[in-house]
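Protein chains: 2
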Amino acid sequence: MTASPQPHLPEAVLRPVRGHHAFEACVEQLATAIRLGVYPLGTTLPSERDLAVMLSVSRATLREAMAALREAGLVETRRGRGGGTVVTLKPRTPSARAAARVAPERRQDWLDALDFRRVVEPGAAYLAAHLPMTDVRRQQLERAYADVAAAARPAAHRQSDSRFHLTIAALSESSRLIEAVTSVQSTLHEMLLAIPVLDTNIAHSDRQHAALVKAILTGDAERARLVMEQHCDDTAALLRGLVG
Amino acid sequence: MTASPQPHLPEAVLRPVRGHHAFEACVEQLATAIRLGVYPLGTTLPSERDLAVMLSVSRATLREAMAALREAGLVETRRGRGGGTVVTLKPRTPSARAAARVAPERRQDWLDALDFRRVVEPGAAYLAAHLPMTDVRRQQLERAYADVAAAARPAAHRQSDSRFHLTIAALSESSRLIEAVTSVQSTLHEMLLAIPVLDTNIAHSDRQHAALVKAILTGDAERARLVMEQHCDDTAALLRGLVG
DNA sequence: TAAAAATGGTATGAACTCAGACCTTTGAAC
DNA sequence: GTTCAAAGGTCTGAGTTCATACCATTTTTA
């Protein structure tokens with residue numbers, strides 16, 4: 000008779016060592032970065048050699064990924080010095096579509112992302128507010144806030160909103176938190192593209208952003224977290240209605 | 000002139016698509032699960048075929064990982080029906096060792112883990128307390144708490160403490176939170192093995208565990224989070240002294 | 001006691017990934 | 001205008017990983 004472990008832990012703890020092939024993972028990461036507006040329309044990606052290093056992948060593999068992005072119409076490539084790969088994807092306008100028929104497992108992942116977000120984004124805001132505010136950091140935050148506040152059209156607003164949240168994560172200076180927020184924003188982006196934008200919601204969101212920036216700039220960590228929690232809750236309420 | 004993105008985001012967002020080879024990742028995950036006590040001494044791991052499926056890896060690759068674990072003395076394998084792979088690793092006793100000469104990048108990762116932990120573990124406790132408490136869930140929690148409270152020797156205490164925290168994460172029922180807590184506990188485990196155990200600390204920790212269990216069982220989510228935050232802060236203070 | 005079943009052990013060929021070298025194109029520097 | 005540098009494009013051989021089938025050992029079951 001061999002002993003058995005507590006039965007609930009193993010299944011919870013062991014998980015796929017990596018979802019898919021390296022080149023698919025590259026496509027996903029780059030496509031996400033482009034869609035979230037980390038590389039907005041018209042910007043040039045780093046060179047293939049640099050990207051390969053950043054993603055810890057061989058250039059051959061990275062090039063397969065680039066070919067896929069080109070194929071999908073997200074980027075265009077020009078050769079020669081000064082050439083490179085330029086983003087051609089226009090930010091999409093959120094609209095009610097397709098939200099009805101998502102696979103149940105996908106639906107589950109969406110709900111999980113909302114829960115996770117409510118933990119990590121307020122945590123990032125807290126940490127960001129906690130760290131000493133340098134000029135560079137202040138400028139990054141104010142620039143990101145200005146972008147989202149100034150965004151005229153819904154599509155542009157969606158991207159600058161992502162950038163705003165990613166910027167706060169970056170200000171936390173925690174590698175793991177940045178990764179967590181990036182992952183969550185990616186999923187969130189999918190969801191938000193599937194619901195119509197209401198001006199009311201955007202105005203409400205912008206007020207919360209303003210409060211968030213103020214709390215972070217004044218170093219009020221508790222308040223930053225609270226505001227971000229409320230912000231996440233409000234968005235989540237909207238989205239939970241969508242996915243049922 | 001091609002446009003440039005906001006300069007701070009790309010480096011923060013793009014990251015290695017996968018750290019190392021599949022078989023190394025398997026070794027890491029399994030070794031972590033064993034060291035953290037997910038599979039305690041004497042328990043049998045799932046069959047190679049099952050593990051391969053769980054980790055989304057071919058059996059050939061999984062077997063390489065098993066060979067490495069065998070090599071390292073963590074497990075032993077017997078053939079035939081009723082055979083399998085049994086954990087032979089005895090829990091190690093924490094002791095002051097080697098903590099002095101960790102690479103600076105590793106040190107950075109350790110500090111990052113402490114920050115991240117203070118975000119995700121309280122979040123997991125909050126969610127766990129928020130969900131309706133069924134009999135099964137209550138039993139899992141009480142069993143995990145009893146284990147850690149009853150642990151006589153420091154080595155056993157270390158493992159059951161990990162299991163306790165992982166159990167709370169599992170009770171949150173958020174896949175992403177479980178993954179985050181697992182990762183954090185793995186790093187934390189390394190750190191805790193490098194400091195001497197003080198009975199005072201253990202007693203203090205046990206009191207916090209008790210308060211945590213009570214808060215979760217009574218559905219007091221805010222309190223659960225607060226207690227867990229304090230718990231993380233206390234451990235972090237101990238450890239920051241060590242690496243700082 | 002014989003057969004079946006569950007386990008680890010072995011083998012093979014295809015596909016993916018890698019590191020590195022080299023080629024081609026194009027704009028910038030001189 | 002020539003040269004150089006920086007970018008994408010191509011090639012190759014070695015190492016990993018994969019899916020799949022089959023073998024060997026041991027316990028359980030009929």
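Chain order of the listed sequences is A and B.
By numbering that gives the first Met the number 0, the letter at position 178 of the first sequence is numbered 177, and the numbering carries on one by one without gaps.
By numbering that gives the first Met the number 0, the letter at position 101 of the second sequence is numbered 100, and the numbering carries on one by one without gaps.
Ideal Cβ positions, reconstructed from N, Cα and C, are used throughout, including at glycine.
Every value quoted in this text rests on a predicted model; they were computed, and no experiment measured them.
Residue i to residue j span [Cα, whole Å]
i: ILE33/B; j: THR199/A; result: 52 Å
i: SER173/B; j: ALA154/A; result: 30 Å
i: ASP233/B; j: ALA148/B; result: 18 Å
i: ALA127/B; j: GLY218/A; result: 30 Å
i: LEU88/A; j: ARG80/B; result: 57 Å
i: VAL37/A; j: ALA11/B; result: 10 Å
i: LEU216/A; j: ALA169/A; result: 15 Å
i: ARG136/B; j: MET132/A; result: 43 Å
i: MET190/B; j: HIS203/B; result: 19 Å
i: GLU178/B; j: THR31/A; result: 21 Å
i: MET0/A; j: LEU110/A; result: Reliability fails at MET0/A, whose pLDDT of 45 lies under 50, so the model's placement of it is uncertain and no value is given.
i: GLU63/B; j: VAL180/B; result: 27 Å
i: ALA214/B; j: ASP134/B; result: 16 Å
i: ARG48/B; j: MET65/B; result: 12 Å
i: GLU70/A; j: GLY41/A; result: 17 Å
i: ARG116/B; j: ARG78/A; result: 46 Å
i: ASP108/A; j: ALA102/A; result: 10 Å
i: ARG14/B; j: ARG91/A; result: 25 Å
i: LEU176/A; j: LEU176/B; result: 12 Å
i: ALA145/B; j: SER171/B; result: 19 Å
i: ALA164/B; j: THR76/A; result: The identity of residue 164/B in the sequence shown is His, whereas the question assumes Ala. For HIS164/B and THR76/A, the distance between alpha carbons rounds to 49 Å.
i: HIS19/A; j: HIS20/B; result: 13 Å
i: PHE327/A; j: LEU237/B; result: Since the first residue of chain A shown is 0 and the last is 243, residue 327/A is not available in this structure.
i: HIS129/B; j: GLN207/B; result: 19 Å
7 Å Cβ shell around residue i - same chain, five flanking residues per side excluded
i: ALA67/B; result: VAL26
i: TYR125/A; result: ALA220, ALA223 and ARG224
i: PRO93/A; result: PRO153, ARG157, LEU191, LEU192, ILE194, PRO195 and VAL196
i: LEU54/B; result: CYS25, GLN28 and LEU61
i: SER57/A; result: ALA51
i: HIS188/B; result: ARG34, LEU35 and SER161
i: ILE201/A; result: HIS156
i: GLN138/A; result: none
Spatial neighbours of residue i in its chain, beta-carbon cut-off 6 Å, leaving aside the 5 residues before and after
i: ALA150/A; result: HIS156 and SER159
i: ARG162/B; result: GLY36 and ALA143
i: ALA112/B; result: VAL183 and THR186
i: LEU8/A; result: none
i: ALA235/A; result: LEU113
i: ALA106/B; result: Position check: residue 106/B holds Arg in this sequence, whereas Ala was assumed. Within the same chain, ARG106/B has close Cβ partners VAL242.
Amino acids of chain B, ordered along the chain, whose beta-carbon sits closer than 8 Å to that of residue i
i: ILE177/A; result: ALA11 and VAL12
i: ALA220/A; result: Within chain B, no residue comes near ALA220/A; the closest Cβ sits about 12 Å away, beyond 8 Å.
Within chain B, the residues that residue i reaches when beta carbons sit closer than 7 Å
i: THR234/A; result: Here the premise fails: no neighbours, minimum Cβ distance about 17 Å.
i: SER173/A; result: ASP111, ASP114 and PHE115
i: VAL118/A; result: VAL118, VAL119, GLY122 and LEU176
i: ALA169/A; result: HIS7, LEU8 and ALA11
i: THR76/A; result: Near THR76/A there are no residues of chain B at all, since even the closest Cβ is about 12 Å away, more than 7 Å.
Under 8 Å by beta carbon: chain A residues contacting residue i
i: ARG17/B; result: ARG17, ALA21, ALA24 and SER55
Neighbourhood of residue i by C-beta, 8 Å cutoff - its chain only, sequence neighbours within 5 removed
i: LEU211/A; result: ALA124, ILE167, ALA223, VAL226, MET227 and HIS230
i: LEU44/B; result: LEU29, TYR38, LEU50, VAL74, GLY83, THR84, VAL85 and VAL86
i: SER46/A; result: GLY83
i: ARG239/A; result: LEU110 and LEU113
i: GLY72/B; result: THR87 and LEU88
i: ALA209/A; result: TYR144 and ALA148
Those residues which DSSP pairs with residue i across a bridge
i: ARG77/B; result: GLY83/B
Under 9 Å by beta carbon: chain B residues contacting residue i
i: GLN28/A; result: VAL12, LEU13, ARG14 and VAL16
i: ALA154/A; result: Simply none; closest approach about 17 Å.
Contact set between residue i and chain A, taken where Cβ atoms lie within less than 9 Å
i: VAL226/B; result: Under the 9 Å cutoff, chain A gives no residues; its nearest Cβ is about 16 Å from VAL226/B.
i: VAL242/B; result: Near VAL242/B there are no residues of chain A at all, since even the closest Cβ is about 16 Å away, more than 9 Å.
i: VAL147/B; result: Ordered by position in chain A, no residue passes the 9 Å Cβ test against VAL147/B, which lies about 12 Å from the chain.
i: THR133/B; result: By Cβ distance, chain A contributes nothing, its closest Cβ being about 12 Å from THR133/B, past 9 Å.
i: THR199/B; result: Per Cβ cutoff of 9 Å: no residues; THR199/B is ~28 Å from chain A at best.
Under 7 Å from the C-beta of residue i: neighbouring residues of chain A
i: GLY72/B; result: Those do not exist, as GLY72/B stays about 18 Å from chain A at its closest Cβ, beyond 7 Å.
i: LEU126/B; result: ASP114
i: THR87/B; result: Going along chain A, no residue has its Cβ under 7 Å from THR87/B, so there is no contact; the nearest lies around 12 Å.
i: THR181/B; result: VAL12
i: ALA102/B; result: Chain A residues near ALA102/B: none, gap ~16 Å exceeds 7 Å.
Report task. Pair every Cβ in the segment 170-190 of chain A with every Cβ in the segment 103-121 of chain A, then say whether three or more of these pairs are closer than 8 Å. Result -> Enough Cβ pairs lie closer than 8 Å, so yes.
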